[in-house]
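According to the working numbering, the stretch in the sequence shown is residues 139 to 461, in order.
Built from N, CA and C at the ideal position, the CB exists for glycine as well.
Before any comments, here is the structure.
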Amino acid sequence: MTYQVQFLRGLRIHGFFEIAMKLDIIPVAKIEKRFMDTLKNENLIKFASKYKLQTLSDQDPGEAVPSFREILNNINYSTIKLPDKPWQIQYKYRNSEGVTNIYLHNEFLTERPSIIFHHGLGRLNPLHLKLFANKILLEKFNLFSVKTAHHDSINELRNKFFNNFTNLSCGICSSVLAIDEIVDTHRNNSDQKISVVGVSMGGSIAALHYFYFNSADYYFPIISYPNFGEIILDKNIKEFVYNYESVSKNKSILNSFRIPKELMNKPKNKIVPILANSDEIINFKKASDFWKGYEMVNFNVGHNTIFVKIEDIRKLILGKVFG
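Rendered as structure tokens:
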């Protein structure tokens, strides 16, 4: 039995082929028109108020929250690989727990590179993946995606994910660990390249994996930067944060995702930050200041309208990986 056959049989045993979701690839132009029409008619702040999507609703303003590094070093987690199901990262840290899923969307071929996609915060995450993935990517890459814990419903998001900062941080940590699980699997079975792409919160997660693990070949964090505490407490989005005036004074939240100096020396040619200079969610100045000195790409669009540039982003990724 060849090594490749052994590996593919192993994937079948663990259920990867059985659960490999056949993506319903909707023509991008059609999605973008529908998506943009929605955005034009629905102000983001009004949308948050309408559906009461306020973060940190249960957060004690005076609590000293654990840093991302502390959570990463102390979280209890296990990787579950069962037949006919997605791979799972099951985690627990203090009172926070959840399950993050890993999906493979096509047949794993050892002779082609892999790419990992991570969605943004909220229930639009399936749309993010459909906007990103097209037939070219599915042909050229083994396409994996990660779905953060508690992203199946608005109630789960509201009550188990962004209701307090530790829950949110643990969910992000589990996604970083899920990415690392995929990278390890790829490395153990292929000599091809592997890349990580993330949008918004997913961009922060991709960047965190770059700084803390740095085991993928390329990283493409889109409309984001790694300091999620600073992002959440930015005055640009204070309408999204419950009790903002009190919570925004919490220095432990502000600094929780700050990258330690000793981790800032990673190879800069491995990562291409992609920003929107009219971003109404991520503070463009703070993001561009953080990524100063990196191979940064800026588009003249807003946070959600970054998707009108998805074809340019795909070309950038293809050029980096295959160029």
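Cα-Cα separation between residue i and residue j, rounded to whole angstroms
i	j	result
S307	N244	30 Å
E433	S252	22 Å
S386	I343	22 Å
I370	R325	34 Å
I361	F282	20 Å
S312	I218	13 Å
D417	G431	20 Å
F460	Q330	11 Å
P296	R232	Going by the sequence as given, residue 296 is Arg instead of Pro. C-alpha separation (whole angstroms): 19 Å.
E449	M402	30 Å
Residue nearest to residue i in terms of C-alpha spacing, selected from the options
i	options	result
D196	S362, F300, N403, K430	F300
A271	G260, T286, V284, F255	F255
S216	S283, T193, L315, S353	L315
V334	S328, N327, P359, I310	P359
F303	K430, S205, K223	S205
P221	V203, N214, N233, Y241	Y241
R396	G200, G367, K408, V284	G367
E249	K223, F279, N293	F279
L392	K373, N407, V410, L401	K373
E208	N415, I409, P398, N352	P398
C-beta contact flag for residue i and residue j at 8 Å
i	j	result
D318	H347	yes
I332	A354	yes
Y380	L210	no
L413	N438	no
S390	V203	yes
L269	F445	yes
Cross-strand partners of residue i (DSSP beta bridge)
i	result
F358	V335
T248	Answer by DSSP bridge pairing: none, since T248 is not bridged.
G236	Y229
F255	S283, V335
N436	L413
S216	Q228
V379	T193
Y350	Per DSSP, none; premise fails for Y350.
Integer Cβ distance of residue i from residue j, believed to fall under 8 Å
i	j	result
A345	Y357	7 Å
R452	L247	With a Cβ gap of about 20 Å, R452 and L247 do not count as contacting.
N239	Q226	6 Å
N305	S234	5 Å
H288	K298	4 Å
G340	H257	5 Å
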